[in-house]
Structures are given as structure tokens and as C-alpha cells.
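Asks: Chains as they are written, first to last, in the working numbering: chain B, 1 to 427; chain Y, 1001 to 1426. Built from N, CA and C at the ideal position, the CB exists for glycine as well. Bear in mind the structure is a predicted one, so any value in this text is a computation, not a measurement. After the C-alpha cells below, expect a handful of questions from me.
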Amino acid sequence: MSQVTHRELFPGVWLRTAHTNKFKSSYLSVTLLTPLDKKTAGANALIPSVLRRGSAVHPDMESLSAALDELYGGAIEPAVRKKGETQCVGFVASFLDDSYALKGESVLEPAADLLGELLLKPYTQDGHFCPDYTAGEKANLIDRIRAQINDKRTYATQRLAQEMCKYEAFGVDKLGDEAGVAAITPESLWEQYQKLLREARVEVYFCGSADPDRVAGALKRALDRLPVNENRVEPVCDVRVTVGPEPIVTEEVMDVSQGKLALGFRAGGQSCWEEDYPAFTLCNAIFGGTTLSKLFMNVREKLSLCYYASSVTEPRKGIVMVSSGIEFDKYQTARDEILAQLEAIRRGEIESWELEGSRRALIGAYRATLDDQGRQEEFWLGQSVAGLEDGPEELARQLEDVTLEQVARSARRFQLDTIYFLKGKEA
Amino acid sequence: MEKLEFAKVGEAMYHEKLENGLNVFVFPKPEFQKGYAFFATNYGGMDMRFRLDGEWHDTPAGVAHYLEHKMFDTQEGNALQDLAANGASPNAFTSNDITGYYFDSTEKFEENLRVLLSFVSVPWFTQESVDKERGIIGQEIGMIEDDPHWKCYMNLMKALFRHHPIRVSVAGSVESIARITPETLYACHKAFYDPANMVLCVAGPVDPEHICGIAREILPKQAGPIAAKDYGEQESAQAAQSCIEERMEVSAPIFHLGWKGDPKTDGEDRLRQELVGGLALEVLLGNSSPLYARLYREGLINQEFGYSYESSFGCAFLAADGESRDPEAVRTAVAEEAARIGREGVDPALWERVKKGVYGNRVRGLNSFENLCVGQAQAFFAGYDFLRFAEVFASITKEEAEELIVNWVTEERTALSVVLAREEGT
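The structure is reproduced here in C-alpha cells:
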């Protein structure tokens, strides 16, 4: 069983450790939490990629790769994530656990040092980021923003969030937008980097066989160049409870052979901070969260209306997003059927196998989180952003008591806010 | 049961061949919550032509995959639903070589295992259900055909190979699946889903003897005949065509580069070639190689760049893919670097580092039950044990990697597949 601790290394800089022997690797991440904002999103997303290009000690990719190979092929990847209305930027790293090093050498300390070096000792020219790395990574980030269009399934969900939350921070993409990124200079990026190091709340995560005190010691040393600030910014998220009188409908045309239909709901104030959160998650699981769900079983399997249909919640933002792939002429039928399934839940028309199966699936997923270092890290980052301390086992336990009536009540609070439809060019 | 220890990587594997010919492999993991089971047949998308009971069968492209979809149907209903209702996450996949069914669950593992073994071994197809599936698979084919990376990869297969069935999409086409009937599915199930042609791999907090007991209880008692496969004559070493292009809705050109190799037929030779091929790619164009750093610096590749050694029965190749404004320049640069390696050899310090790095990555990969179980199933069908890699790896020399680069990365063995953005106004 893993033992989880959460402690403050420096003011506003927190370390969470999960102590366990069951993995071959140690997992380490450093994440800066900052409010999602159209003006800074692009620069924040760019920072870890530019930092990853080289440090003062390892000034290029070759020397960095060599350093990582020496650590048994360790991986340090730039990570840009969105949790509610918080942009989470930093690095996630995975290294061979000390137990499997061929000569019994320790990997944790040099790995933590390398991570700290990447974050805090960048390769600079004339007192700011090197223009070459900045330009190269800017181009890559712009490519990534444009490439989002290649994956139509993700693209449709992104466009839905954008349309639905046009006037909220949640509508901003985690990578920012092309125009914002294009305007970045090595000087402006350096300024934003300094601001981020000074103001962002920092979450450090470790999972592996090393003793938590040893981990704290290694990371304190690795991060001791972080500026001291007693007032690092705490994450917040605006949960809107109500929707407009009519759903917003947006259609887009592209050269695709399959249409994508996405529906966005406000959950009427239900979020991870509310007491009824377990009912909300179970309600979503029954609606479209698993292969047992009403959307999967009925809209996909029984009626063959689409290739896929599923729903996800954003627990901090209190919204539910349905995503489906359909033939163009099935728009109305699929939309009506998705809403009809929600109506059924509202009326409490839930078979006991649906209720119990979804409950077991969610509980299983929470438990399985403990078996995967990446998922565990992702889970705890979400909890840290929300300021919550319940672990996967507690959340699993809370699901045991949710009743059918609570699920129906949760569904009755869903309100359709926005519809997004991606269709093909007319023949 | 036979217990094999792989001390270097901290793993133990239990093995037994049951009376009906089924090979069972178990990796006990008492400290984990989740159990994972993988039940696979040595039958994949490329096994279209085969002989059973003295008779040759030519089946349409996409049968193995169609069968995978339909196996979840049972006389009582749907196994997917039964497993999900037990808190399991079931799924399946069809590759060129194999079809595998799997689930993981933190509760009711043994009950779920019974369901898995039962639905995969007992076919239940009706005309109505087979016809209905055609729409769903047709949609799936439509979806992958919209995926530029998939298109680009399939085009590379067509460019590298002249007739090997790896050129054909595992899912088939809307036209080929139109010819699939319940009879086709029953015939292919009979030909390939016999326990003697299958493996069961399990990892998790389980007792190995128990797993064998469940397999004995659910599956047929005796081994049946297994079909003989035919992939046509051996491919020549040259790529069928040097370049292939297509236009789709993409933001930047996507490319897949391939270098055709000489496949090994069986056993640890295949494992060794896979490891040598992987190391050859690392020193030639991998993340730590001088060429990678240069291509990245010059903006010819970005983070989307990836590479792998791939093989199926009767074919082996090296592949690299990514986005590039000038894929032709990437091809030329790799050719020049291969020639340089041929002249000067690989830098010994780079070789040692890369070997350490690849080893650590492989070991870290053992965290994944899926990797362990799918890896062992594929390895077993190819004639070796997955976890043997730690031992074999240590004995690989720099010269072997150099030799593979010199022999494979040549002009006539190279093919480049590119997907370009559509031109304005088309």
C-alpha cells in the first residue's frame, strides 16, 4: 500500500510523495499553477518547451539527452495541462527506480538535480532566453495549435469548450492561441518566466521507493533557487450555475467523412467541492462515462447512430461534455436521442445493472489509479488544484452509498448550454 | 507449473501448456489492486489466405477484425456488458499478426476471467447481428481513413512491399467487409480460435494454479486442427516504390519513412533483431543522436518525430515518422548519416549511453501489465520469451547495429510516404 504525504518545502511550494515499492520507476513532476488567461496562456505553454531545449549546464538537446541516457534513459517532458481554470505548466519525469540500477547507484538525486536545473538554470543569451530556442519552440507550439485540427474528436470538444465558455477563463485553450504565441519575444518570454517563478503556486510530486524525507531533501536542494514569496497565488475556478434561455448552436464545415457532435451542459453548481460530488460522477458514468453507459449502449450499440458517444465531466468547472461521431444526416436524431437518454436518467429510469455496473467501473478506476504512476500524479495534481486532500480510496468509498434517487436528482440539475456540430462539405 | 525467474528485472513468470494445447503465462503481482488478462489467438489481419482440412480459403480483408467485433455477442446477450457490469474494462484489438481480448478489473477477477474465456471460445453469429455490425465497422473505417497519420503509414506499407499482406488495412475496406457473412466468421473462428493456437497471459494479484484451473474448466478439453497460413513468396529486399504522396486536410506535411529489412523467421533471432534494430535507430536518428539534434535545430523535424523497428511474419523494417516542411531533406540526411556510420562507425561513448538508456526504458515499461502480457503473447507466437530481453540485450555489440544500418539503410530499400496539405481551391 502506498503512503501519501503532502508537505510545504518553501512558502507556496508543496511536495506530495507516494511511497511504494511496486514500480520499476520513480515518477517525479514539478508543476507551476497559474490562472488560465488568454493574455498569458501562450507564453506559459511555451516556457517549459524552451527550458527543455537546454540549461546553463547542458546547453543543447544532445548534452541533455546524454545526461538522461546516463540516468538509464530517464524521461523529462514538458507538460502543459488545464485543470478547471488553472493552467498547469512544468515537467513530468520518470526514471529507473534505484532498485534496478545495474551498479546499485542512486538515480533519484541526480534526477532531481537535473529537473531543478532545467526549471531554474536556463540557457540564456544577453540576460534572457536564447532567440534561437524561443523561435524554434514558438514554431513548434504554433504547429501544435494548428495540428489540434487533425484530431477531429479532440478538436470538437475543444471548440465546444471555447464556444460554451467564451466569456470565462475555461474557454481559453491550454496552449493559448496562434496570434498570442506569434507575438512572443525572447524578452517578453523571460519576463513572464520570472513572473511565473515568483507568483505561481508550485506542486512537486514524487512516487517511488525512496523514503519521503530523502525525497524532500533531494528536492529542497534541487529547487533552492526558486524565489521566496509568502504570497504565491492560490488556484480558483468560477462555477456558473445557470444557462441562457436557448442553447447556443455552432456549426462548422470541414473536409471530413464523419461528423462530430458535441454537447455542453452546466451541472447546476455540482462540482468537486460539493457534498453531492459522488452522485454527480456516478450520474455522468451512467449517462456516457463507460461502455455500459446509456449513450454507449443505446445511441451507439442499439440504435447504431454513431461510432462513439461518451461524456466527461470537468469536476472543478462543474460542466459535462458529450462527444460523438455521427453521419452528417443523423444530426437531429442523434441529438434528440442523447437528450432522451438524459431525460430517462432524470426520471430515474436506471436499471440496477446500470447503476451497479457504473458504480463498480468508477470504483475500479479509482483503485486502478493506485497501480499507475502517471494516473496517480494526474489525480493528485487535480486534487492539489482544487485544494482537496481525499485520495482515490476515499473517493471510491464515497461512491458506495450513492442512491438511484441521488443520481436522478443530479441529472435533473444538468442544463444544456451549447451544441457544436462539425460537418462535411456538401456533396 | 514451470516457474521462470528473470532476476535482473525483478520478474517471475509461471508457465503451463494445458492438455488442450493452450499456453498459459502468469505474472503474480500481489501488491497491485488490478488484475489484467489477455487472451489471444495467433490470427491477425494479414492471415487472409489459409488451408484447413486440406482446403485453401481466400477470405476478404478485414475478417479477423470483424470477428473481433462480433465475438462479444453471446447467445444470452453481450459479454462486453457482462464484464462492464462486473466493474471490468474489457476491450480487444486486431493487429496484423494477432487478435487479443482483454480486461482489467480490481474486483471479481476470476468471474471476469471465466466470461472472457467463454465468449472468445464460443462463437454466436446471426445474419441480423452480422449485418448490423457492418454499419459500425463501416463508420470505424471512415474514421481511420480521415486520420492522416494512418493514411500515411498505410501508404508506406504499399511503397515498401510488393505483395505481403501487411499492405492491406487490418479493418479492410467498406467493399471487402460487404462480402463477410456469418459463414465466413464461423469458418475463421474454427480455423484459428482453437486453444492450441492461443495463449492466455495474466498479471495481477492472482494464484497461477487457479488461473490454469479456470482455463481447464471453461475451454474445450482437446486440441483441434490449426490452419496453415500463406503470405505468398518471400519479398525481395528492394522497396516496391521510392515515394508515395497523398493530399489531405493537414496543417503541416506528415511523413513516414521506411527502410526494408531482412526478416528473421523464428525464436530468439527475432528478439535479437528487434533489439539490434531498436539500438540501430537510436544511434542513427534517435533522441540522443547527432543527426536528431541537427534535424531538430534546422526545423526539419519537431517533437512529433518518432521511430520504431517493426516486424511481422515475413517482413521487417525500420520506420520513422513525423511532421516536416521538407520530408525529402529528412530522407537525404538519414541516408548521409548511415553512409557516415558505414565509414566511421558509431561513436563508442554514444553506443554505451544509448544502450544504458534503452535498457532503462525497457525495464520501466514493465510497469505496464498490458505491456507484459501482450509482449509475452506476441513473443510466444514468435518463438521466444518476452523477458529474455534483459539477457540478450547485454550481449549485443556495436558492430551488429552498424551492420544492420549499412545493410538496411540504402537507397533501394528506402520508401518515403508523405501526406501534404490540400492546395487552395481544391
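1. Can you tell me whether DSSP reads Thr418/B as helix, strand or coil?
2. Glu77/B bridges to which residues according to DSSP?
3. Which chain B residues are close to Gln1139/Y, counting only those with a beta carbon under 8 Å from its beta carbon?
4. The alpha helix (DSSP H) with Val1024/Y in it runs from where to where?
5. Nearest to Gln341/B by alpha carbon, out of Asp390/B, Arg198/B, Ile286/B?
6. Report the rounded CA-to-CA distance for Gly1306/Y versus Glu1403/Y, giving the unit in angstroms.
7. Straight-line CA distance for Ile1137/Y to Phe1119/Y?
8. Can you check whether the CB of Pro1060/Y is closer than 7 Å to the CB of Ile1166/Y?
9. Ignoring anything shorter than 4 residues, give me the alpha helix (DSSP H) runs that lie fully in the segment 1298-1383 of chain Y, in order along the chain.
10. Whose Cβ in chain Y lies nearer than 7 Å to the Cβ of Ile149/B?
11. Flag Phe23/B as yes if its beta-carbon sits less than 7 Å from any beta-carbon of chain Y, otherwise no.
12. Glu1391/Y by DSSP, collapsed to three states: which one?
13. Hey, could you find the ends of the alpha helix (DSSP H) Ala1203/Y is sitting in?
14. Under 7 Å, do Glu1268/Y and Tyr1384/Y count as touching if we go by C-beta distance?
15. List the residues of chain B that Lys1264/Y touches, going by C-beta distances under 8 Å, in chain order.
16. Identify each residue in the segment 1116-1148 of chain Y for which the Cβ-Cβ distance to at least one residue of chain B is less than 7 Å, and report them in chain order.
17. Which term fits Val1202/Y, buried or exposed, when burial requires 16 or more other beta carbons within 10 angstroms of its beta carbon?
18. May I have the straight-line CA-CA distance separating Ala427/B from Val256/B, to the nearest angstrom?
19. Starting from the Cα of Gly1100/Y, find the closest Cα among Asp1347/Y, Glu1002/Y, Glu1235/Y, Phe1039/Y and give me that residue.
20. Looking only at its own chain, which residues have a Cβ that is under 8 Å from the Cβ of Ala1012/Y, when we skip the five neighbours before and after it?
21. Let me know if Gly225/B comes out buried or exposed under the rule of 16 or more other beta-carbons within 10 Å of its beta-carbon.
22. Within its chain, find whatever has a CB closer than 8 Å to the CB of Ser310/B; leave out the 5 residues flanking it on each side and keep chain order.
23. Output needed for Ala334/B: all residues of its chain with C-beta closer than 7 Å, excluding positions within five of it in sequence on either side, in chain order.
24. Starting from Trp273/B, trace the alpha helix (DSSP H) in both directions and tell me its first and last residue.
25. Quick one: Cα of Thr1426/Y to Cα of Met1248/Y, how far?
26. Thr291/B CB to nearest chain Y CB: under 7 Å?
27. Closer than 8 Å by beta-carbon distance: list the chain B residues that pair up with Gly1100/Y, in chain order.
28. For Gly1010/Y, tell me which candidate among Tyr100/B, Asp69/B, Gly424/B has the shortest Cα-Cα distance.
29. Give the residues of chain B in contact with Phe1032/Y, contact being defined as C-beta atoms less than 7 Å apart.
30. Report yes or no: is there a C-beta of chain B within less than 7 Å of the C-beta of Ala1293/Y?
31. Between which two residues does the beta strand (DSSP E) containing Val320/B stretch?
32. Looking at the structure shown, is Ile363/B part of a helix, part of a strand, or coil, going by DSSP?
33. Measure the C-alpha to C-alpha separation of Gly1357/Y and Asp69/B and round it to an integer number of angstroms.
34. Using DSSP with H/G/I as helix, E/B as strand and the rest coil, what is Met1248/Y?
35. Can you give the Cα-Cα distance for Met429/B and Lys317/B, rounded to whole angstroms?
36. Whose C-alpha, out of Glu1423/Y, Phe1369/Y, Val1406/Y, Arg1294/Y, is nearest the C-alpha of Glu62/B?
Replies: Looking at the atomic coordinates:
1. strand
2. Val92/B
3. Gln258, Cys306, Tyr307, Gly325, Glu327
4. Premise fails: Val1024/Y lies in the beta strand (DSSP E), 1023-1028, not in any alpha helix (DSSP H).
5. Ile286/B
6. 22 Å
7. 20 Å
8. no
9. 1327-1344, 1348-1365, 1369-1382
10. Ser1251
11. yes
12. helix
13. Taken as a continuous stretch (DSSP letters only), Ala1203/Y belongs to no alpha helix (DSSP H), being part of the beta strand (DSSP E) at 1198-1204.
14. yes
15. What Lys1264/Y touches in chain B: nothing, since even the nearest Cβ is about 25 Å away.
16. Lys1132, Gly1135, Ile1136, Gln1139, Glu1140, Gly1142, Met1143, Glu1145, Asp1146, Pro1148
17. buried
18. Low per-residue confidence applies at Ala427/B: pLDDT is 47, beneath 50, and the placement is therefore not dependable, though the value from the model is reported in the following sentence. Their backbone Cα atoms lie some 12 Å apart in a straight line.
19. Phe1039/Y
20. Lys1003, Leu1004, Glu1005, Phe1006, Phe1027, Pro1028
21. Contrary to the premise, residue 225/B reads as Arg rather than Gly in this sequence. So Arg225/B counts as exposed.
22. Gly288, Gly289, Ser293, Leu295, Phe296, Val322, Ser323, Ser324
23. Leu261, Val299, Leu305, Cys306, Ser324, Ile326
24. Trp273/B -> no alpha helix (DSSP H), and no H or E assigned at all.
25. For Thr1426/Y, the predicted structure reports a pLDDT of 45, less than 50, and the residue's modelled location is therefore unreliable. A value from the coordinates is still provided. Computed Cα separation, rounded: 11 Å.
26. yes
27. Per Cβ cutoff of 8 Å: no residues; Gly1100/Y is ~17 Å from chain B at best.
28. Tyr100/B
29. Lys22, Asp371
30. yes
31. 319-326
32. helix
33. 4 Å
34. strand
35. Because residue 429/B is not part of the residues shown, which for chain B are 1 to 427, the question remains open.
36. Arg1294/Y
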